[in-house]
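Protein sequences appear in the order of chains A and B.
The opening residue of the first sequence carries number 189 in my numbering; numbering runs sequentially from there.
The opening residue of the second sequence carries number 367 in my numbering; numbering runs sequentially from there.
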Amino acid sequence: MTKANLEHEINNWLQSEFVDENKILVEEIFYKKNLSKENNERLRHVNNIDLLDFVTDYAVLVNVNNKYEIGLINRYDSSIGVREIGEMQVYCRIASPIFAFLISSKGFSSEVSNFLLNDSIVEKLFSYQKRHLIGFQMVESSPNYDSILPMKYRKDLWMNLNS
Amino acid sequence: MLESDTYPILVSWVEEYSERQFQEECFSFDTSSQTLFHFFTKNDSMSNSIADELQNLEEMAIRPDVVSYIPSLKNFIFIESKVVTLGLKEIGQLLGYCAIAQPEEAFLITTKKVSDSVLRALSVNPDLLNYGTNKKIKLGKLNGKALTLI
Numbered sequence: 189m190t191k192a193n194l195e196h197e198i199n200n201w202l203q204s205e206f207v208d209e210n211k212i213l214v215e216e217i218f219y220k221k222n223l224s225k226e227n228n229e230r231l232r233h234v235n236n237i238d239l240l241d242f243v244t245d246y247a248v249l250v251n252v253n254n255k256y257e258i259g260l261i262n263r264y265d266s267s268i269g270v271r272e273i274g275e276m277q278v279y280c281r282i283a284s285p286i287f288a289f290l291i292s293s294k295g296f297s298s299e300v301s302n303f304l305l306n307d308s309i310v311e312k313l314f315s316y317q318k319r320h321l322i323g324f325q326m327v328e329s330s331p332n333y334d335s336i337l338p339m340k341y342r343k344d345l346w347m348n349l350n351s
Numbered sequence: 367m368l369e370s371d372t373y374p375i376l377v378s379w380v381e382e383y384s385e386r387q388f389q390e391e392c393f394s395f396d397t398s399s400q401t402l403f404h405f406f407t408k409n410d411s412m413s414n415s416i417a418d419e420l421q422n423l424e425e426m427a428i429r430p431d432v433v434s435y436i437p438s439l440k441n442f443i444f445i446e447s448k449v450v451t452l453g454l455k456e457i458g459q460l461l462g463y464c465a466i467a468q469p470e471e472a473f474l475i476t477t478k479k480v481s482d483s484v485l486r487a488l489s490v491n492p493d494l495l496n497y498g499t500n501k502k503i504k505l506g507k508l509n510g511k512a513l514t515l516i
C-alpha cells in the first residue's frame, strides 16, 4: 500500500469514527503541522501548546466538555518498530494527548512481536500518564482488530476517552 | 565525523566509566550492526557466557550503538550516539530501547547540540527522560574524544 493510499484509508476511518459515529467532537485536523508554531486561536486553549514543538502526521483538535484537547496520529507504510513507539511516547509525555495512534499498513515489526506477550514491557512502552498510545494495522479503512497493541484496546479502541 | 567514528571512542569511554562506577571488570562492545539478541548469541565464548546469564535475551531485538555489560548486576549500560542535533525523535528511540531492556544506565550522546525543543520540554517536564524507577537517560556531548555529560 502506498502512503497516499494509507492516508486515504485513514481519512475514511477518521470520517467514520468522528463524523458518522460521532464518537468525539472534532474541531480541526492538522496535517503535518508543528502546533507550537500555528497561529490558531483555538489551539491557544490547549494546555502547554508552546511545548508541542514537533510534527506528527495528524494532530486532531477535539472538544471534550468544552475543553480543547489534542489527539496525535503517526502513520507508516513500513511496519511499526520500537523507534516509532518511543518517538510517540515522547510526544505523549509532552502533549498528554487524549488519544495517540500509530497506524501502519503493515502492522508491527518482528522486533515488537518478540515481546508483545510480555505485559510488563508493553505497559512500559505504551503507557503515558493514565492512558496508552495504541498501534494497529489499517486494512481497507478499518483497524485490523487482531493487530491492536496494547491488546486490551482490542475490545474498545477509544477506551482512553473515558480516562 | 561519521556516527560510526564515535563508536570506538564511546566503547573506551563506557569501559572506563562502568569499571569506575561499579568497581568490577565490565565488558563493552560496539553493537551497532546487529540486535543485542544476535550479538550475544553469536558463536564466541565471551558472548555466550554473557548470553547464559541473561534471562530475557530473546526479547532484546534492539540495537543500541554501544553497550557495557556489568556482570554483578547482569545488566547493561546503553549508549546511543548521534551526529545530529538531539531532538525529541532521538530521545524516543533510546526511550523505547530502555523501556524494553531496563538498562542500569543509558546515555544519549551527540557531537552537535541539544535542540531548543528538548531543552524547553525538559524545563517543564523533567521526567521526560525517565524509563524506570529512579532511572533516567543522561545526555552528553562528544567533542573530539572528550565526552561531557550535560
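No residue lacks a Cβ here, since even glycine has one placed at the ideal position from N, Cα and C.
T190/A carries a coil assignment under DSSP once its states are collapsed to helix, strand and coil.
Each residue's CA atom was taken as its position, placing L461/B and L495/B some 7 Å apart. When 7 Å is used as the limit between beta carbons, S483/B is near these residues of chain A: D241, F242, in chain order.
Restricting attention to Q400/B, L420/B, W379/B, Y373/B, the CA atom closest to the CA of P469/B is found in L420/B. Taking a C-beta distance under 7 Å as the contact criterion, L508/B and I516/B do not qualify as a contact pair. In the three-state scheme derived from DSSP, where H, G and I count as helix and E and B as strand, M339/A is classed as helix. A residue is called buried once 16 or more other Cβ atoms fall within 10 Å of its Cβ, and V490/B, having fewer, is exposed. Taking S297/A as the centre and dropping the five residues before and after it, the same chain places the C-beta of S267, I268, G269 closer than 7 Å to its C-beta, in chain order. Comparing C-alpha distances from D241/A to each of R230/A, L313/A, K220/A, V250/A shows the shortest one belongs to K220/A. Two segments are said to touch when three or more pairs of C-beta atoms, one from each, lie closer than 8 Å; by this definition the stretch 481-489 of chain B does not touch the stretch 389-398 of chain B. The beta-carbon of G259/A is placed no less than 7 Å from the nearest beta-carbon of chain B. With respect to the 7 Å criterion, T477/B and V449/B are classified as neighbours on the basis of their beta carbons. Fully enclosed alpha helix (DSSP H) runs of no fewer than 4 residues occupy 307-314 of the stretch 306-334 of chain A, in order along the chain.
Put simply, the CB of V490/B is near chain A, with a gap under 7 Å to one of its CB atoms. Residues of chain A with a Cβ closer than 9 Å to the Cβ of L454/B are, in chain order, D241, F242, E275, V278, Y279, I282. The beta carbon of G510/B does not come within 7 Å of any beta carbon belonging to chain A, so the residue lies off that interface. Looking only at E205/A, G323/A, M347/A, the smallest Cα-Cα distance to S293/A is reached by G323/A. Taking CB atoms only, I322/A has no neighbour in chain B less than 7 Å away. When CB distances to chain B are screened at a threshold of 7 Å, the residues of the stretch 305-321 of chain A falling below it are N306, I309, K312, L313, in chain order. For G295/A, there is no enclosing alpha helix (DSSP H), as DSSP marks it with neither H nor E. Under the three-state reduction of DSSP, A247/A is assigned to strand. Y279/A and L454/B have their C-alpha atoms roughly 8 Å apart. By the neighbour-count definition (other C-beta atoms within 10 Å, threshold 16), M276/A is a buried residue.
Residue F287/A holds the alpha-carbon nearest to the alpha-carbon of N251/A among K340/A, H196/A, F287/A. By the Cβ-count criterion, M426/B is buried, with 16 or more other Cβ atoms from all chains shown falling within 10 Å of its own Cβ. Looking at the backbone, the Cα of W346/A and that of N262/A are separated by about 17 Å.
For D265/A, DSSP records no beta bridge to any residue. Residues of the same chain with a CB within less than 7 Å of the CB of D208/A, apart from the 5 flanking positions on each side, do not exist. Taking a beta-carbon distance threshold of 7 Å, Q459/B counts as an interface residue toward chain A.
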